[in-house]
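Enquirer: Residue numbers (this note's numbering), protein chains in the order written: chain A, 617 to 887; chain B, 177 to 552; chain C, 855 to 1165.
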Amino acid sequence: MARLKVILKYVAALGATALFVFPLAWMFLTSVKPRVDVFAKPPVFIFTPTFDNYSRVLDSEFMLQLLNSAIIAGISTAFSLTLGALAAYGFSRYGRFKRVDNLLFWILSLRMLPPIAVVVPFYILLRWAHLFDTRFALIMIYSIFNISFAVWLLKGFFDEIPPQLEESAMLEGHSPPVVFLRVALPMVRAGLATTAAFCLIQSLNEFLLALLLTDVDAVTAPVGLANFQRYFGLEWGQFAAAATIFVVPIILFTVLVRHHLVRGMSFGRMG
Amino acid sequence: MPDIELRDLTIKYGATAAVSGVSLDVLDREYCVLLGPSGCGKTSILRAVAGFVAPAAGAIHIGGRDVTRLYPGDRDVAMIFQDYALYPHMTVRGNFAFPLQAMKMGRAEREQRIREVAQLLRMEDLLDRYPRELSGGQQQRVAVGRALVRRCPVLLLDEPLGNLDAKLRVETRASLKRIQRDLGVTAVHVTHDQIEALALADRIVVMEEGEIRQIGSPEQVYERPDNLFVAQFVGTPAMNVLPCRLTREGERWLLAGAGFHVHVGSAAAGSTAAPGCVPPPLANYRDRAILLGIRAEHVRLAPAPGPDYFPAQVYVTEPQGSEVIVDMQVGGEIVRARGDKEEWAFAAQGQTEVYAAFPFPRAHLFDPDTHRRVEV
Amino acid sequence: MSAAAPPSAMQAAHQRYRWFPYALLLPALVVLVALTIFPLVFSLGVSLTGYGLGRAAGFVGLANYAQFLRDPSFWLALRNTLVITVFAVGIEIALGVCLALLFRESLPGFRALSLFIFIPMMLSPLVIGFFWKFMFDSTFGVLAYFTTLLTGRTVSWLTSPRLALAAIIVVDTWQWTPFAFLLTLAGLQTVPPQLYEAASLERASAWMRFRRITLPYLRFPLLLAVLFRTIDTVRIFDLVYIMTGGGPGDATITLSVLAYRYGFQFYEVGRAAAVSWLIVVLINLLVMVLLSFMGKSAAATARSTGSGRAR
Chain A
617 MARLKVILKY VAALGATALF VFPLAWMFLT SVKPRVDVFA KPPVFIFTPT FDNYSRVLDS
677 EFMLQLLNSA IIAGISTAFS LTLGALAAYG FSRYGRFKRV DNLLFWILSL RMLPPIAVVV
737 PFYILLRWAH LFDTRFALIM IYSIFNISFA VWLLKGFFDE IPPQLEESAM LEGHSPPVVF
797 LRVALPMVRA GLATTAAFCL IQSLNEFLLA LLLTDVDAVT APVGLANFQR YFGLEWGQFA
857 AAATIFVVPI ILFTVLVRHH LVRGMSFGRM G
Chain B
177 MPDIELRDLT IKYGATAAVS GVSLDVLDRE YCVLLGPSGC GKTSILRAVA GFVAPAAGAI
237 HIGGRDVTRL YPGDRDVAMI FQDYALYPHM TVRGNFAFPL QAMKMGRAER EQRIREVAQL
297 LRMEDLLDRY PRELSGGQQQ RVAVGRALVR RCPVLLLDEP LGNLDAKLRV ETRASLKRIQ
357 RDLGVTAVHV THDQIEALAL ADRIVVMEEG EIRQIGSPEQ VYERPDNLFV AQFVGTPAMN
417 VLPCRLTREG ERWLLAGAGF HVHVGSAAAG STAAPGCVPP PLANYRDRAI LLGIRAEHVR
477 LAPAPGPDYF PAQVYVTEPQ GSEVIVDMQV GGEIVRARGD KEEWAFAAQG QTEVYAAFPF
537 PRAHLFDPDT HRRVEV
Chain C
855 MSAAAPPSAM QAAHQRYRWF PYALLLPALV VLVALTIFPL VFSLGVSLTG YGLGRAAGFV
915 GLANYAQFLR DPSFWLALRN TLVITVFAVG IEIALGVCLA LLFRESLPGF RALSLFIFIP
975 MMLSPLVIGF FWKFMFDSTF GVLAYFTTLL TGRTVSWLTS PRLALAAIIV VDTWQWTPFA
1035 FLLTLAGLQT VPPQLYEAAS LERASAWMRF RRITLPYLRF PLLLAVLFRT IDTVRIFDLV
1095 YIMTGGGPGD ATITLSVLAY RYGFQFYEVG RAAAVSWLIV VLINLLVMVL LSFMGKSAAA
1155 TARSTGSGRA R
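(1) In three-state terms, what does DSSP make of Asp341 (chain B)?
(2) Have a look at the DSSP bridge pairing and note the partners of Val364 (chain B).
(3) Could you please give the first and the last residue of the uninterrupted beta strand (DSSP E) stretch that includes Ser199 (chain B)?
(4) Could you check what DSSP says for Glu677 (chain A) in three-state terms: helix, strand or coil?
(5) Let me know if Ile971 (chain C) comes out buried or exposed under the rule of 16 or more other beta-carbons within 10 Å of its beta-carbon.
(6) What residue from B:Met415, B:Asp543, B:Asp369 and B:Arg379 has the CA that sits closest to Ser214 (chain B)'s CA?
(7) Output the distance between the C-alpha atoms of Arg289 (chain B) and Phe713 (chain A), rounded to the nearest integer angstrom.
(8) Starting from Thr993 (chain C), trace the alpha helix (DSSP H) both ways and give me its first and last residue.
(9) With DSSP as the reference, please indicate the residues paired to Pro495 (chain B) in a beta bridge.
(10) For a quick check, are the C-beta atoms of Arg326 (chain B) and Glu783 (chain A) less than 8 Å apart?
(11) In chain order, which beta strand (DSSP E) runs of at least 3 residues are fully inside the segment 232-318 of chain B?
(12) Please report whether the beta-carbon of Tyr871 (chain C) lies at a distance below 8 Å from any beta-carbon of chain B.
(13) On the three-state DSSP scale, how would you describe His439 (chain B)?
(14) Taking just the CA atoms, how far does Phe638 (chain A) sit from Gln316 (chain B)?
(15) Quick one: is Asp179 (chain B) near chain A, going by C-beta distance under 8 Å?
(16) Quick one: using the 10 Å Cβ neighbour count with 16 as the cut-off for buried, is His876 (chain A) buried or exposed?
(17) According to DSSP, simplified to helix, strand and coil, what is Met383 (chain B)?
(18) Within its chain, find whatever has a CB closer than 7 Å to the CB of Tyr247 (chain B); leave out the 5 residues flanking it on each side and keep chain order.
(19) Could you pull the start and end residues of the alpha helix (DSSP H) that Pro419 (chain B) belongs to?
(20) Can you tell me the Cβ-Cβ gap for Val490 (chain B) and Val502 (chain B), rounded? I've got them flagged as a contact below 8 Å.
(21) For Pro401 (chain B), is the classification buried or exposed, using 16 other Cβ atoms within 10 angstroms of its Cβ as the cut-off for buried?
(22) Go to Glu776 (chain A), then tell me how far its alpha helix (DSSP H) extends in each direction, as first and last residue.
(23) Glu529 (chain B) by DSSP, collapsed to three states: which one?
(24) So is Val229 (chain B) in contact with chain C if we call contact Cβ pairs under 8 Å?
(25) Could you tell me which residues DSSP puts in a beta bridge with Val511 (chain B)?
(26) If we cut at 8 Å on Cβ distances, does Ser442 (chain B) have a partner in chain A?
(27) Going by beta-carbon coordinates alone, are Leu699 (chain A) and Ala882 (chain C) separated by less than 8 Å?
(28) Rounded to a whole number of angstroms, what is the C-alpha to C-alpha distance between Arg549 (chain B) and Gly360 (chain B)?
(29) Along the segment 242-269 of chain B, where does the CB come closer than 8 Å to a CB of chain C? Name the residues.
(30) Got a sec, what are the start and stop residues for the beta strand (DSSP E) Tyr189 (chain B) sits in?
(31) Quick one: measure Cβ to Cβ for Val195 (chain B) and Ser220 (chain B), integer angstroms, because I've assumed they're closer than 8 Å.
(32) Which of the three DSSP states is assigned to Gly983 (chain C) in this structure?
(33) Which residue wins for smallest C-alpha separation from Leu323 (chain B), given the options B:Leu344, B:Ile391, B:Phe272 and B:Arg357?
(34) When the Cα atoms are used, what is the spatial distance from Leu894 (chain C) to Ala1128 (chain C)?
(35) Hey, how far is the Cα of Leu967 (chain C) from the Cα of Thr935 (chain C)?
(36) Taking CB distances under 8 Å as the criterion, tell me whether Thr448 (chain B) reaches chain A.
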């Protein structure tokens, strides 16, 4: 009887997993289907795979858009991680004062900001400053959400460091900046990696701001995907290929942070 | 010239005062132990001396310098933490080297010091391990080594033996004392374990609720406790304390309590007062209540009645190797006596009627209201 | 937050390093303030003007806000947003809890399987939305194929108003059920196993066990899930934009999409700003309400589980 229960559990678990994996699997399958099979009715499950779609995508503008996404996400993450780590440490160690607590709460509330609320003023501002359609603009704007997220997440990691370690270092004659750099920071390596991964994922996935604040030069991958219909018509096969390429690093990052998934997700995402 | 001076030190956490107006001198090269229950303020004082907490009032001087507001790293003080606080991302060698890196020392000299400390603590073969790979005892030694590597004149210890098992505790105790002596450092050691305090200290500072209750050598604190708190805190098992009255019985005065009596100035013990007289300090307590304290090892037991002996019922016996602790009922109270197991075999075998006596010269008397010692 | 903790050594106000906390906090604060204060204030200002295509910005007071109350699109967007939020969040939580209960035992392989389940919530709604659009397509979509098989009729998901809204709810639920699953699973792992052992000794039924032991420990993670998902779903944009664009017609328009339309299709910037501010206010209200629930709930959880759990 117990055996039966276990089998049922496996069946249910596999079924549930299949449910959540199917669309992605179907997308991947579509990306290697010859054009004819993509649009076949009824849908085809057995076919001869081809990399045609991929070679078309690799030749297209999408690669440039991917590059933009990578650059913007990478630089914003690095920038936000630096400022965020400093601030998170500050809030963790000096956070007993009422004023400081309020400040922290304000920073955290930025996470709740709907991007739509900042799009219009940023649009006007960027146009006026001739920064419209630049990677720099997106990097800075993404940093609002990334810094906020980094502060929240890293503060939790810093809070977990036993205070005696820093006390010992202080007593030994190291100044507080050295204590931060050589004792606290190394101890939150996992937190830094986790935060970086989440920031990268969030920045790569962001759509609304990229859509409205870019035009040609700074177009990111999600916007590129959205414009697929415009450039490629109903080339779903190629879209599937582009989407698959886009999704692979994100899945990789997810696997990397699987141990801290709860932490990272409870503190949110952008947009 | 005292090495560490505390003047009217008050330390507050929020609105509560952990330490109130404490003044203390720790002499140069002295092993000073701050002893008391948790919450008594001893750790707060240690942390203030280290510089981890700023006192609300008062001053701290080390080696003649006012360090009250000084950054911990500028005080030339070393510390061994209760949980060792080893840097997990550095090897043992790294843990030793890190303090030295703050001291602007040449590489050669640094290596030299690390080698010396490793030799002193017999850790040469562990230098390249990480703290998580070491046993508790080894980690403790690394903590000691890291504190010694800078050769500071002052060493602070925050319950350094608390995490060790009983056997290791005793061994490490001895080595701590030896190191302190050999290196000639001034040590301030915080603990709640009074056996540890008695074993290690040159002077003990007994504290309760943010105040000092007594300062003295281990002998002084043990044999002449100033007040009830110290009397009962120091010594295992705790001192027996029983309420009684100083009353007259015919020509003699005695301390009479529920189920027991002690003749004041019994001839058998050779006291200074003549029978029939009351020693001068006790004069105020004639016909009044007073507290009698007697340590377990001073309680006398006999199988048969005798002068000054009163009946007691054996409750429980606790054999302790060559000794035995006998819990017995006297009046309504439990009294504990400690003695040689063979001599007291009569009590150990479940015989419920024995006879006990409290010799007056061994008695400690305390005022029932102020809890202060009454001298006789 | 840390009121009960003793002060850290860093706070002991050492003269020599008084500048350190400022050096830590100022860089991030300066950047954040510079980047946020301007747009927010500006946006508020613009929402009070008639800024639009070809029109000079003239102060019109609350006219933009007043216009909403008359604009049927606004009420439709509000309604759609609420419908989507309520249904999506509700189903996500229910499904997520079921999944968590299923996966809570560590049978071999379950860990790996659950990792697969976590992937959808990490992906861009663009990818997800667009691909579901493909699957829903009435001509060659695999889902349309199956629904035709099941119902015998040709079902056109994305071109019928009701079904389009349902489709969005389905996709959003699909993407975010893993989130509820994740939080609930984490919550389940905080239950001390001894409680279950004691319950089995006392022969409590499975339902009793769930109600009395498990549920109190789930209160907090579930509330957290509801809080975050509600805030996020109210802001929903990417998915709707890519799947239906708000259509057919206005059938699936949401508040964010409406703001987008005003601002970037009709160039009614003033109105767009006003809608944006409304969204901000709505979200702040939700946050406050749910935060106060969280506070009470954390206390209630602490009481009913006998543990002081402060976040």
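Ideal placement from N, C-alpha and C gives every residue a C-beta, glycine not left out.
Here the structure is a predicted model, which is why all the values come from computation and not from measurement.
Expert: Checking against the coordinates, here is how it stands:
(1) coil
(2) B:Cys208 and B:Leu332
(3) Thr192 to Val202
(4) coil
(5) buried
(6) B:Asp369
(7) 42 Å
(8) It is not in any alpha helix (DSSP H) - Thr993 (chain C) carries neither H nor E in the DSSP assignment.
(9) B:Val500
(10) no
(11) 233-238 and 253-256
(12) yes
(13) strand
(14) 55 Å
(15) no
(16) buried
(17) strand
(18) Gly227
(19) Taken as a continuous stretch (DSSP letters only), Pro419 (chain B) belongs to no alpha helix (DSSP H), being part of the beta strand (DSSP E) at Asn416 to Glu425.
(20) 6 Å
(21) buried
(22) Looking at the DSSP string, Glu776 (chain A) is not in any alpha helix (DSSP H), and its letter there is neither H nor E.
(23) strand
(24) yes
(25) B:Met504
(26) Legend: pLDDT at Ser442 (chain B) = 49, less than 50; position of this residue unreliable, no value from coordinates given.
(27) yes
(28) 35 Å
(29) Arg245, Leu246, Tyr247, Pro248 and Asp250
(30) Ile180 to Tyr189
(31) 5 Å
(32) helix
(33) Strictly speaking, residue 323 (chain B) in this sequence is Ala, with Leu absent from that position. When only C-alpha atoms are compared, the closest one is B:Phe272.
(34) 11 Å
(35) 33 Å
(36) With a pLDDT of 49 at Thr448 (chain B), under the threshold of 50, the modelled position of this residue cannot be trusted, and the question is left open.
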